[in-house]
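Asker:
In mature numbering (1 follows the signal peptide of the UniProt record, and there is no 0), the protein residues as written are -20 to -1, 1 to 493.
#1: Is the CB-CB distance between residue 77 and residue 427 below 7 Å?
#2: What number of angstroms, rounded off, separates the C-alpha of residue 496 from the C-alpha of residue 302?
#3: Count the other CB atoms within 10 Å of the CB of residue 194; is the residue buried (16 or more) or exposed (fewer)?
#4: Between which two residues does the beta strand (DSSP E) harbouring residue 387 extend?
#5: For residue 394, I'd like the list of residues in its chain whose CB is within less than 7 Å of its CB, leaving aside the five on either flank, ordered along the chain.
#6: Using a Cβ distance threshold of 8 Å, determine whether the region 300 to 314 contacts the region 167 to 181, with at least three qualifying pairs required.
#7: Cβ atoms of residue 157 and residue 102: under 7 Å apart, would you say?
#8: Please name the residue or residues paired with residue 370 in a DSSP beta bridge.
#9: Look at the Cβ atom of residue 429, then the Cβ atom of residue 75, and state whether they are nearer than 7 Å.
#10: Can you pull the DSSP bridge partners for residue 250?
#11: Using DSSP's beta-bridge definition, name the partner residues of residue 358.
#12: Name the DSSP beta bridge partners of residue 216, please?
#13: Rounded to the nearest angstrom, what separates residue 367 and residue 57 at their Cα positions?
#14: On the DSSP letters alone, give me the boundaries of the alpha helix (DSSP H) that residue 59 sits inside.
#15: If distances are taken between C-alpha atoms only, which option among 365, 279, 222 and 264 comes closest to residue 245?
#16: Name the two residues that bound the continuous beta strand (DSSP E) containing residue 193.
#17: Excluding the 5 residues flanking residue 448 on each side, which residues of the same chain have their C-beta closer than 6 Å to its C-beta?
#18: Starting from residue 141, follow the alpha helix (DSSP H) in both directions and report where the run begins and ends.
#19: With DSSP collapsed to three states, give me the class of residue 416.
#20: Mind checking whether residue 131 and residue 304 have CB atoms under 7 Å apart?
#21: Taking the beta carbon of residue 169 as the centre, do at least 16 other beta carbons fall within 10 Å, making it buried, or is it exposed?
#22: Nearest to residue 188 by CA position, among 444, 289, 403 and 136, is which residue?
#23: Comparing C-alpha positions only, which one of 87, 178, 92 and 83 sits nearest to residue 118?
#24: Have a look at the DSSP bridge pairing and note the partners of residue 162.
#25: For the region 59 to 101, list the alpha helix (DSSP H) runs that are entirely contained and at least 4 residues long, ordered along the chain.
#26: Looking only at DSSP bridge pairs, what is residue 300 linked to?
#27: Below 6 Å CB to CB, which residues in the same chain sit around residue 419 once its five sequence neighbours on both sides are set aside?
#28: Give the range of the alpha helix (DSSP H) segment to which residue 548 is assigned.
#29: Contact check, residue 434 vs residue 345 under 8 Å by CB: the rounded distance?
#30: Could you tell me the alpha carbon to alpha carbon distance between residue 113 and residue 104, rounded to whole angstroms?
#31: What residues match up with residue 118 in a beta bridge as DSSP calls it?
#32: If you measure between the beta carbons of residue 152 and residue 167, is that distance less than 7 Å?
#33: Should residue 255 and residue 236 be called a contact, given that it needs their Cβ atoms to be closer than 7 Å?
#34: Going by the beta-carbon positions, is the gap between residue 142 and residue 192 smaller than 7 Å?
#35: Alpha carbon to alpha carbon, how far is residue 299 from residue 186?
#36: Using DSSP with H/G/I as helix, E/B as strand and the rest coil, what is residue 323?
Dropping the structure here:
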């Protein structure tokens, strides 16, 4: 007779094995989010659901709830308005988003980017593939068999213009999640797979996605050959030149522009440009507080890049998809530099405000969310009037002071001691962390999603991160959701059927007499 404990452990193993197997199956995630979406529909009437011509997703990288609440207080202290909010906090609808990857409870931007761009969760470190591909998997055939299409690729197929803006490299995990399919997020300028079918991220963007109308950010090194400027490509290819050559030789791609400075971006004649590629620095772009307010500055702000993107994308009568990533919110959190991070979050908010003023809000779905949180918190006991970057009212058990903004991990770790006002007010000061690490870890907590515009009323409750992709796809009537009742194409089909039936019946009546 089988020992009961052994039987229990076998059952436990079997249940977990089945669960993990399901999670690797993209159908599992698609059905999960589709069912959740249709459940949200039950709270609405058919007339409440409208089609979105355009979709903009603003992605605050690492923008967890502690970052939002701290940035809100910072904004209040800057503006001296006690009742002020961040603009997206006043959007019509909100939800909580679960961010874990299949294999890691605390996720990375590659796995999370894949979730909200494809509607399928995957393993940490992989982009645009399902859970059957492991991080750094070298089997190219396996990768090709398990590619998952992004909502941006679906939008382009439907005739919409697509593009992205980022303050990181345009081959970094989040922007790459809109177009790339790799087993390692670090295959930015060369592929770890020795197979021509499995290209690096930069090469995929230039060779496989000429339909992208706007690509703005950093990362110049990944597109240039070694020996040319800051290039690091080993294949001796200049992908910027190849992009211009390719568009120049396609009859429907005459109006294109490559820019590398803020000045060049400001001089674009948008009436004559339909395709725009901008690479403004070697790797990631500067923090907003590092940008100079004079003609010597070579890098544009996230707001200026967003304006440029919308100028081009909104010319398409079929609509557009745009992602705008505030990437440096996360980069500063990794170095425990809350001053830079929170000011970048406020710069991110400015881009949202500007975008709202440039689009028709009745036909544009705008979603603001984060890919993951961070090990960052606003703690201690501080008066509302206390400087956000100042000291807590508490002292530690040794009577030493500490800052109100702290991290659980990262390079800000220091032995207990008293800090001076001058020391903590340095803009590059690394806030105190509990555990010494070279780079702070992400947080595993849920993030918020805020939405306004057509389809936003389907954002509710607590959802998997994959829900975001399905919401964008459903609202805009692309991909698997192109024949939903709220879609104009479906309504046109219904109208046509009714007209045909009327004509047919009228002919029957006429001939009956």
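Even glycine gets a Cβ: it sits at the ideal position worked out from N, Cα and C.
Answerer: Straight from the coordinates:
#1: For residue 77 and residue 427, yes; Cβs fall inside 7 Å.
#2: As shown, the chain starts at -20 and ends at 493. That puts residue 496 outside it, with no answer to give.
#3: By the Cβ-count criterion, residue 194 is buried, with 16 or more other Cβ atoms from all chains shown falling within 10 Å of its own Cβ.
#4: Residues 385 to 390.
#5: The residues are 412.
#6: Judged by Cβ distances under 8 Å, the region 300 to 314 makes no contact with the region 167 to 181, as fewer than three pairs qualify.
#7: Cβ atoms of residue 102 and residue 157: not closer than 7 Å.
#8: In DSSP, residue 370 forms no bridge with anything.
#9: In this structure, residue 75 lies closer than 7 Å to residue 429 by Cβ.
#10: Bridge partners of residue 250 according to DSSP: none are assigned.
#11: DSSP output for residue 358 lists 385 as bridge partner(s).
#12: Answer is none; residue 216 lacks a bridge partner.
#13: So the alpha carbons of these two residues sit roughly 8 Å apart.
#14: Start and end: 45 to 59.
#15: Closest option to residue 245, Cα to Cα, is 279.
#16: Segment 192 to 198, the beta strand (DSSP E) holding residue 193.
#17: Answer for residue 448: 96, listed in chain order.
#18: Careful: residue 141 lies outside any alpha helix (DSSP H), inside the beta strand (DSSP E) at 141 to 149.
#19: When DSSP states are grouped into helix, strand and coil, residue 416 belongs to the strand group.
#20: Contact: no.
#21: So residue 169 counts as buried.
#22: Its Cα nearest to that of residue 188, the residue 136 stands out among 444, 289, 403 and 136.
#23: Just measuring C-alpha positions, the residue of 87, 178, 92 and 83 sitting nearest residue 118 is 178.
#24: For residue 162, which the question treats as bridged, DSSP gives the partners 107.
#25: Taking only runs of at least 4 residues, the alpha helix (DSSP H) segments lying wholly in the region 59 to 101 are 89 to 98.
#26: Answer is 141.
#27: So the qualifying residues of the chain are 314.
#28: No information on residue 548 is available, as it lies outside the stretch -20 to 493 that the chain covers here.
#29: At roughly 6 Å, the Cβ-Cβ gap stays under 8 Å, so residue 434 and residue 345 are in contact.
#30: Each residue's CA atom was taken as its position, placing residue 113 and residue 104 some 10 Å apart.
#31: In DSSP, residue 118 forms no bridge with anything.
#32: With contacts defined by Cβ atoms closer than 7 Å, residue 152 and residue 167 do not form a contacting pair.
#33: It is a contact, given that the beta carbons lie within the stated cut-off.
#34: Contact: yes.
#35: Computed Cα separation, rounded: 23 Å.
#36: Helix.
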